[in-house]
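A.B. asks: Heads up: the sequence shown begins at 132 in my numbering, then just goes up one per residue.
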Amino acid sequence: MFSFSKLVEDASDYFELVEVGLNVDFEFEQKDKVFLISDGSVLAYGEKDPQTGIKATQTFAKDDPIGFAEAIAGRGMQLQFRKLTDLSLRVFQAAELKKQVNEANIFSQTIIKYSLSRIFDQKRSAKYFSFEDEFIGKNYDFLKRIRVPREEDVFRLNEAATKMFFIEKGSIGIFSRGNRQIAELGVGECFGESAMLNDRTRRYTAVANKDSSLLLIEDDKVEKELAKDTPLVRLSVVVLLKRLELMNRLRMVKERG
Numbered sequence: 132m133f134s135f136s137k138l139v140e141d142a143s144d145y146f147e148l149v150e151v152g153l154n155v156d157f158e159f160e161q162k163d164k165v166f167l168i169s170d171g172s173v174l175a176y177g178e179k180d181p182q183t184g185i186k187a188t189q190t191f192a193k194d195d196p197i198g199f200a201e202a203i204a205g206r207g208m209q210l211q212f213r214k215l216t217d218l219s220l221r222v223f224q225a226a227e228l229k230k231q232v233n234e235a236n237i238f239s240q241t242i243i244k245y246s247l248s249r250i251f252d253q254k255r256s257a258k259y260f261s262f263e264d265e266f267i268g269k270n271y272d273f274l275k276r277i278r279v280p281r282e283e284d285v286f287r288l289n290e291a292a293t294k295m296f297f298i299e300k301g302s303i304g305i306f307s308r309g310n311r312q313i314a315e316l317g318v319g320e321c322f323g324e325s326a327m328l329n330d331r332t333r334r335y336t337a338v339a340n341k342d343s344s345l346l347l348i349e350d351d352k353v354e355k356e357l358a359k360d361t362p363l364v365r366l367s368v369v370v371l372l373k374r375l376e377l378m379n380r381l382r383m384v385k386e387r388g
C-alpha cells in the first residue's frame with residue numbers, strides 16, 4: 132500500500148540527516164528528538180529478566196525507529212541502545228511529532244493508540260482499544276462485519292494482505308510459523324494492519340479462539356483515510372507498527388530464554 136521510501140521522502144521537511152561515528156558518544160534518550168535509522172545498526176536491549184538475569188536483545192537497522200513511541204506517549208525510553216556500526220540518522224523534533232499526532236484524524240489516532248498500547252504491553256482498556264464511536268458513526272458504510280466460527284482461520288501465513296480487522300466480539304489467536312500462539316487479541320483490538328500497510332504477505336496466521344465478530348476494512352479504504360493526514364502522521368503510523376514488530380521479536384527472544 133505504502134512505499135516506505137516515499138513516506139520518508141514526503142516527510143523530509145520534518146527531519147535532518149545526522150552522521151554518527153561508531154566511536155562517537157551519542158545519547159539516544161533525548162526528550163526533544165526522535166530518530167529513524169537511515170543507515171547502519173544498533174543493538175537494542177531491555178531490562179534483565181528477574182528470573183533468568185538475561186537481557187533480550189534485538190538489532191535495529193535501516194528504517195527502524197528510536198524514540199517515536201516514547202515521545203508520542205510521553206514516556207521515558209523503554210530500551211537501551213549500543214551502536215554496532217557508523218550510523219546515519221534522520222532526526223525529528225519530538226514536539227512537532229506529538230503535536231501532529233494529537234491533531235490527526237480519528238482513524239490514524241486509533242491505529243496509533245493501539246500500537247502504543249501493544250508496544251508498552253498495557254492491559255486492555257477502553258482508553259486505548261475502543262474503536263471510536265465517532266469514526267464508526269461516520270464511516271460505517273465501508274466497515275464490513277464478518278463472523279468467524281471458533282477454530283476457523285481469518286488469514287494464513289504468506290497470504291496477500293489486503294484487509295485489516297477490528298474485533299467486535301470474541302477472541303483471535305496470532306500464530307507463528309511454528310504454529311505457536313504468540314498473542315491473543317480481544318474485543319476492540321485490531322490486527323492485520325501491519326502487513327497491509329507495508330504491502331507484504333502475512334507473517335502470521337490468525338485463528339478465531341472463540342466464535343468472533345470482526346469489523347473488516349479493505350486496503351483502499353485505509354489508504355483513503357490515512358491520506359487525510361500529514362506526511363509526518365502517515366510515516367508515524369507505519370513507524371509505530373515497525374516498532375511493534377521489533378518489540379514482538381524482542382519478547383519472543385525473552386520467552387525462549
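Glycine included, each C-beta is placed from N, C-alpha and C at the ideal position.
Is it the case that the Cβ atoms of G323 and K294 are separated by a distance below 8 Å?
C.D. replies: Cβ distance < 8 Å, so G323 and K294 count as in contact.
A.B. asks: Taking 8 Å as the threshold (C-beta atoms), are A142 and L366 in contact?
C.D. replies: Yes, the Cβ-Cβ distance between L366 and A142 is below 8 Å.
A.B. asks: Report yes or no: do three or more beta-carbon pairs, one from the stretch 202-220 and one from the stretch 167-174, lie closer than 8 Å?
C.D. replies: Yes, the stretch 202-220 touches the stretch 167-174.
A.B. asks: Assuming A226 is part of the alpha helix (DSSP H), what are its boundary residues?
C.D. replies: Note, A226: alpha helix (DSSP H), A225 to N233.
A.B. asks: Taking 8 Å as the cut-off, decide whether the C-beta atoms of L371 and I243 are in contact.
C.D. replies: Yes, the pair counts as a contact, with Cβ atoms nearer than the cut-off.
A.B. asks: Who pairs with R221 in a beta bridge, going by DSSP?
C.D. replies: Looking at the DSSP assignment, R221 forms a beta bridge with L148 and L167.
A.B. asks: Spell out a yes or no on whether the stretch 276-286 and the stretch 294-306 are touching, meaning 3 or more CB-CB pairs, one atom from each, closer than 8 Å.
C.D. replies: Yes, the stretch 276-286 is in contact with the stretch 294-306.
A.B. asks: Between which residues of its own chain and K359 is the CB-CB distance below 6 Å, once the five residues before and five after are set aside?
C.D. replies: N236, listed in sequence order.
A.B. asks: So who's on the other strand from F286, going by DSSP bridges?
C.D. replies: The partner list for F286 (beta bridge, DSSP) reads A337.
A.B. asks: Helix, strand or coil for K162 per DSSP?
C.D. replies: Here K162 sits in coil by DSSP.
A.B. asks: My assumption, with CB atoms under 8 Å, is that F223 sits in contact with V165. Please give the rounded CB distance.
C.D. replies: Right, their Cβ atoms sit about 5 Å apart.
A.B. asks: Since R374 contacts I250 with CB under 8 Å, what's their CB separation in whole angstroms?
C.D. replies: Yes, R374 and I250 are in contact; Cβ-Cβ is about 6 Å, under 8 Å.
A.B. asks: Nearest to E80 by CA position, among D194, F157 and Y145, is which residue?
C.D. replies: Outside the shown range of the chain, which is 132 to 388, sits residue 80, and nothing can be said about it.
A.B. asks: So, for G152: in the same chain, excluding its five sequence neighbours on each side, which residues have a beta-carbon less than 7 Å away from its beta-carbon?
C.D. replies: Answer for G152: D217, listed in chain order.
A.B. asks: Label A291 either buried or exposed according to how many other C-beta atoms from any shown protein chain fall within 10 Å of its C-beta, with 16 as the threshold for buried.
C.D. replies: When all chains shown are included, A291 counts as exposed.
A.B. asks: In terms of DSSP beta bridges, what is M295 paired with?
C.D. replies: Answer is I348, bridged to M295.
A.B. asks: Checking 8 Å against the spacing of the C-beta atoms, do I313 and S343 come in under that value?
C.D. replies: Against a cut-off of 8 Å, the Cβ pair of S343 and I313 comes out as no contact.
A.B. asks: Opposite Y245 in the DSSP bridges: which residues?
C.D. replies: In DSSP, Y245 forms no bridge with anything.
A.B. asks: When the Cα atoms are used, what is the spatial distance from V155 to P196?
C.D. replies: Approximately 20 Å, taken between the alpha carbons.
A.B. asks: Please report the distance separating the alpha-carbon of A326 from that of R333.
C.D. replies: Answer to the nearest angstrom: the Cα atoms are 6 Å apart.
A.B. asks: Check the C-beta distance from S239 over to V369 and give it rounded, since I have them as a contact under 8 Å.
C.D. replies: Not quite, the Cβ-Cβ distance comes to about 11 Å (not below 8 Å), so this is no contact.
A.B. asks: Can the beta-carbon of L274 be found less than 8 Å from the beta-carbon of I348?
C.D. replies: Yes, the pair counts as a contact, with Cβ atoms nearer than the cut-off.
A.B. asks: In its own chain, which residues sit with a C-beta less than 6 Å from the C-beta of L381, not counting the 5 before and 5 after it?
C.D. replies: Taken in chain order, the residues that qualify are A187 and Q189.
A.B. asks: Below 8 Å CB to CB, which residues in the same chain sit around L138 once its five sequence neighbours on both sides are set aside?
C.D. replies: Result list for L138: P362, R365, L366 and V369, in chain order.
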